[in-house]
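Peer 1: Take this structure, written in structure tokens, and hold onto it; I'll ask about it next.
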Amino acid sequence: MSADKARIARQFIQSIPHARALGMQITALDDGMAEITMPYDTRLIGDPETGVIHGGAVSALMDTCGGAAVMSHPAAPAGTATIDLRIDYMRAATPGQSITARAEIYHITRNVAFVRATARDEDAELPVATATGAFTVEGS
Amino acid sequence: MSRKTPEPVQVVKQRRDAALAALVGGVPYISFLGIAFDRRGDELTAVLSFDEMLIGNPILPAIHGGVTSAFLEVTALISLSWAHIWSDLESGVLDVEGLTAGKLPRLPKTIDFTVDYLRSGLPRDAYARATITRAGRRYASVQAEAWQDNRARPFAQATAHFLMPRPVSGDD
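Taken in sequence, the protein lines are chains A and B.
Going from the first sequence to my numbering is simple: count from 1 and add 663.
Going from the second sequence to my numbering is simple: count from 1 and add 95.
Here you go:
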């Protein structure tokens with residue numbers, strides 16, 4: 664990521680209170696692609712017995728990452744809103760590890776961007792969750 | 096023929112409220128988001144108290160889509176778990192003191208979750224209720240709806256599938 668893009672990415676995350684609350688950081692950004700990391704945090708535990716992060720926090724990460732991928736596309740300069748998002752939870756994220764989501768636009772029309780996303784912890788082989796979503800495209 | 100005397104109202108309320116508080120209080124993420132549950136008999140309504148930290152679009156401003164999604168998932172999960180333990184709780188098979196002391200039932204696991212965003216979430220409190228459309232021994236289907244000002248104008252709805260916890264006897 665160029666220094667310029669990194670600065671824009673940092674500002675983007677800093678401007679979203681909930682992304683800040685979850686400690687999200689953009690680690691890669693390209694036209695129609697974004698990668699965001701969320702550190703492990705005990706406040707986000709969903710299963711007290713195992714310490715596994717709640718699925719809802721993974722949803723928030725996927726949604727932010729999908730939105731960032733759309734906003735990074737030249738055809739959507741004025742932002743985006745999620746129309747729908749489907750998440751498949753493949754396995755529990757390992758407690759103590761950060762989760763990284765990567766989202767990509769696989770098709771974009773004048774009004775809609777279709778996005779796929781994958782979330783992984785430190786074991787990059789087996790995804791924690793995958794998602795597909797439709798996002799609005801707001802032209803300038 | 097003698098009928099069993101109904102339990103005193105305080106006993107009933109105390110048992111149900113203590114069990115619900117234990118179920119909800121055991122999950123850190125629920126308090127992180129500021130979600131509470133309102134109970135009427137066995138019916139639950141989740142309440143998301145507005146906080147600046149929940150904002151996802153500071154310009155509108157609007158609640159973060161991920162928060163809305165998480166709110167619906169928490170509502171679906173707790174409602175399903177609550178319905179699952181209800182009969183054992185009422186019959187006395189499930190011990191409330193044990194629950195309160197931290198012996199919580201295993202929660203269902205989310206298999207998949209689909210959320211439709213119908214309108215933007217306004218910077219104010221939100222409410223949600225879940226309907227269990229199928230509760231099988233292994234799998235359950237749950238629908239949930241969230242609204243703010245008007246119950247008839249939901250701002251998001253969700254469909255979810257869950258894997259039910261195994262009965263304690265056959266557990267790992």
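The beta carbon of each residue, even a glycine, is placed where N, CA and C say it ideally should be.
Treat the numbers as computed from the prediction; the structure is a model and nothing was measured.
Mind checking H770(A): buried by the 16 CB within 10 Å criterion, or exposed?
Peer 2: By the neighbour-count rule (16 or more Cβ atoms within 10 Å), H770(A) is not buried but exposed.
Peer 1: Please confirm if Y752(A) has its CB atom under 7 Å from at least one CB of chain B.
Peer 2: Yes, its Cβ sits closer than 7 Å to a Cβ of chain B.
Peer 1: Closest to I671(A) by CA distance: which of L685(A), H681(A), G686(A), A697(A) is it?
Peer 2: For the residues L685(A), H681(A), G686(A), A697(A), the minimum Cα distance to I671(A) belongs to A697(A).
Peer 1: Look up Y222(B) in the DSSP assignment and give the residues it is bridged to.
Peer 2: V142(B), W242(B).
Peer 1: In angstroms, rounded to a whole number, what distance separates the CA positions of D133(B) and K108(B)?
Peer 2: Rounded to whole angstroms, D133(B) to K108(B) spans 13 Å at the Cα level.
Peer 1: Using 8 Å for Cβ pairs, my map puts L199(B) next to L118(B). What's the rounded Cβ distance?
Peer 2: Indeed, because the Cβ distance is near 7 Å, the residues count as touching under 8 Å.
Peer 1: Going by DSSP in three states, T228(B) sits in which element: helix, strand or coil?
Peer 2: Here T228(B) sits in strand by DSSP.
Peer 1: To the nearest angstrom, how far is the alpha carbon of G718(A) from that of T100(B)?
Peer 2: Distance between the alpha carbons of G718(A) and T100(B): 44 Å.
Peer 1: What is the DSSP secondary structure of F132(B), counted as helix, strand or coil?
Peer 2: If DSSP states are grouped into helix, strand and coil, F132(B) belongs with the strands.
Peer 1: Chain B beta carbons: is any one of them nearer than 7 Å to that of H717(A)?
Peer 2: Yes, H717(A) counts as interfacial toward chain B.
Peer 1: Could you work out which residues of chain A lie near F127(B), taking near to mean beta carbons separated by less than 8 Å?
Peer 2: Those are R706, L707, listed as they occur along chain A.
Peer 1: If you draw a straight line from the C-alpha of D244(B) to the C-alpha of E102(B), how long is it?
Peer 2: Each residue's Cα considered, the two are about 37 Å apart.
Peer 1: Chain A beta carbons: is any one of them nearer than 7 Å to that of S164(B)?
Peer 2: It does; some Cβ of chain A falls within 7 Å.
Peer 1: Identify which residue in D784(A), E788(A), I679(A) has its Cα closest to the Cα of A157(B).
Peer 2: For A157(B), the nearest C-alpha among the options comes from I679(A).
Peer 1: Hey, quick one: how far does the alpha helix (DSSP H) through V778(A) stretch, first residue to last?
Peer 2: Taken as a continuous stretch (DSSP letters only), V778(A) belongs to no alpha helix (DSSP H), being part of the beta strand (DSSP E) at 775-783.
Peer 1: First and last residue of the alpha helix (DSSP H) that includes Q677(A)?
Peer 2: Segment 666-677, the alpha helix (DSSP H) holding Q677(A).
Peer 1: Could you check what DSSP says for E185(B) in three-state terms: helix, strand or coil?
Peer 2: It is helical.
Peer 1: With a Cβ-Cβ cutoff of 7 Å, do R779(A) and P790(A) count as a contact?
Peer 2: No.
Peer 1: Measuring only the C-alpha atoms, how far is A247(B) from A776(A)?
Peer 2: Straight-line Cα distance between these residues: approximately 29 Å.
Peer 1: Go to R111(B), then tell me how far its alpha helix (DSSP H) extends in each direction, as first and last residue.
Peer 2: Segment 104-120, the alpha helix (DSSP H) holding R111(B).
Peer 1: Compare the C-alpha of G802(A) against each of G796(A), A739(A), S761(A) and name the closest.
Peer 2: Minimum Cα distance to G802(A) is reached at A739(A).
Peer 1: Go to V723(A), then tell me how far its alpha helix (DSSP H) extends in each direction, as first and last residue.
Peer 2: The residue asked about is misnamed: residue 723(A) is Ala in this sequence, not Val. Start and end: 718-734.
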